[in-house]
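**Q**
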Amino acid sequence: MKLSYRTSLSALCALSLCVVAFSIAGCTGQTQLTKRQNFISYLDQFKGKTQEQLKQEINFQQFGFDASKTKLSKQDQTMVHYSIYRPVTVPIPIFEPTIDGSRMNTSLPTSRNAYQMQMTCDIIFHLENQIVTSWESKGKAC
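Numbers -25 to -1, 1 to 117, taken from mature numbering (1 follows the signal peptide of the UniProt record, and there is no 0), label the letters of the sequence shown in order.
#1: Among the residues of its own chain, which have a CB less than 8 angstroms from the CB of alanine -5, if the five just before and after it don't count?
#2: Check whether the stretch 22 to 31 and the stretch 60 to 68 are in contact - that is, three or more C-beta pairs closer than 8 angstroms.
#3: Take histidine 56 and list the residues in its own chain whose beta-carbon comes closer than 6 angstroms to its own, dropping the five residues that flank it on each side.
#4: Within 10 angstroms of its Cβ, does alanine 116 collect 16 or more other Cβ (buried), or is it exposed?
#5: From what residue to what residue does the beta strand (DSSP E) around lysine 30 run?
#6: Mind checking leucine 8: buried by the 16 CB within 10 Å criterion, or exposed?
#7: Could you tell me the alpha carbon to alpha carbon distance between arginine 52 and glutamate 103, rounded to whole angstroms?
#8: Kindly indicate which residue of Gln105, Arg87, Ser112, Ile106 has the alpha-carbon position closest to the one of aspartate 97.
#9: Terminal residues of the continuous beta strand (DSSP E) containing threonine 64?
#10: With burial defined as no fewer than 16 other Cβ atoms inside 10 Å of the residue's Cβ, what is the status of residue 129: buried or exposed?
#11: Looking at the unbroken beta strand (DSSP E) that takes in cysteine 117, where does it start and where does it end?
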């Protein structure tokens, strides 16, 4: 079977696209890991601080959480519980035929072909004598 220049070029373009996609996926994964590590470090800094310092200094917005919906869910002598929300856009792929009709392309996500969700994260700071001793997180948005 003889390969034409056009077939070889198409195969090369497809291979290049795969390499770029895997590179981007690798970078995205690393970025998500870095963000998670930064979030953990941020929460760790509150260990040893008073309950009042915690309430004054906490700021989840810098990590992509919706500050307008952050709420102090529960507070007592042993814990401070925050419920925080992360807005997430989920794209809905829309396939459009190419000019020659031979392949299907996926359009870029827009507000018309995506939907919004609010993912929840619960952060619980454990207290002893009004001092933060540890914390835990629950939820997919954390």
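Quick reminder that beta carbons are idealized off the backbone N, C-alpha and C, glycines included.
Just so we're clear, the structure is a prediction, and the values are computed from it rather than from any experiment.
**A** Reading off the structure:
#1: Mapped onto the sequence shown, residue -5 falls at position 21. The predicted position of alanine -5 is uncertain, since its pLDDT is 37 and thus under 50; a value taken from the coordinates is nonetheless stated next. Taking alanine -5 as the centre and dropping the five residues before and after it, the same chain places no C-beta closer than 8 angstroms to its C-beta.
#2: Because the criterion of three Cβ pairs below 8 angstroms is not met, the stretch 22 to 31 and the stretch 60 to 68 do not touch.
#3: Numbered from its first residue, the sequence shown carries residue 56 at position 81. Here histidine 56 has Ser48, Lys49, Ile99 as same chain residues with Cβ atoms under 6 angstroms from its own Cβ, once five neighbours each way along the sequence are excluded.
#4: Here residue 116 refers to the residue found at position 141 when the sequence shown is read from its first residue. By the neighbour-count criterion, in which a residue is buried when 16 or more other Cβ atoms sit within 10 angstroms of its Cβ, alanine 116 is buried.
#5: Taking the sequence shown and counting its residues from 1, the one referred to as residue 30 is at position 55. Segment 26 to 32 is the alpha helix (DSSP H) holding lysine 30; no beta strand (DSSP E) there.
#6: Numbered from 1 along the sequence shown, position 33 holds the residue referred to as residue 8. Leucine 8 counts as exposed, since fewer than 16 other C-beta atoms from the protein chains shown sit within 10 angstroms of its C-beta.
#7: Within the sequence shown, numbered from 1, the residue matching residue 52 stands at position 77. Within the sequence shown, numbered from 1, the residue matching residue 103 stands at position 128. The sequence given here has glutamine at residue 52, not arginine. Distance between the alpha carbons of glutamine 52 and glutamate 103 is about 8 angstroms.
#8: Reading the sequence shown from its first residue, position 122 is the one you call residue 97. Among Gln105, Arg87, Ser112, Ile106, the Cα nearest to that of aspartate 97 is on Ser112.
#9: As a first step, residue 64 is located in the sequence shown; it is residue number 89 there, counting from the start. Looking at the DSSP string, the run of the beta strand (DSSP E) that includes threonine 64 is 54 to 66.
#10: There is no way to answer for residue 129, as the model of the chain reaches only from -25 to 117.
#11: Taking the first residue of the sequence shown as position 1, residue 117 is located at position 142. For cysteine 117, no beta strand (DSSP E) encloses it, and the DSSP letter there is neither H nor E.
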